[in-house]
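Remarks on the structure that follows.
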Amino acid sequence: MTPEEQIATMKKAITQAIKVMGDRFGSTEADVAKAIDELKSSVQTAPAAAAQPPQGQTARA
Numbered sequence: 231m232t233p234e235e236q237i238a239t240m241k242k243a244i245t246q247a248i249k250v251m252g253d254r255f256g257s258t259e260a261d262v263a264k265a266i267d268e269l270k271s272s273v274q275t276a277p278a279a280a281a282q283p284p285q286g287q288t289a290r291a
């Protein structure tokens, strides 16, 4: 997944979570749980991409 795709996925998850959590009367607990799970999954793949050193540089131990 490219960084741009990752950002788009994270933005979508954040927007959905705000929508669901802002509509407490129209959203079920399952909707909230699903939104939280999507947020977690969108963030978990981000550190792996960020941990890679920029091109042309080597990682230092």
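Using the working numbering, read the sequence shown as starting at 231 and increasing by one per residue.
Yeah, the Cβ is synthetic: ideal placement off N, Cα and C, and Gly gets one too.
Taking all protein chains in view, the Cβ of Ser271 is surrounded by fewer than 16 other Cβ atoms within 10 Å, so the residue is classified as exposed. Rounded to the nearest whole angstrom, the C-alpha separation of Lys249 and Val273 is 18 Å. Each of Glu234, Thr245, Gly256 was checked against the Cα of Ile266, and the nearest Cα belongs to Thr245. Judged by their CB atoms, Leu269 and Ala238 are not nearer to each other than the 8 Å cut-off.
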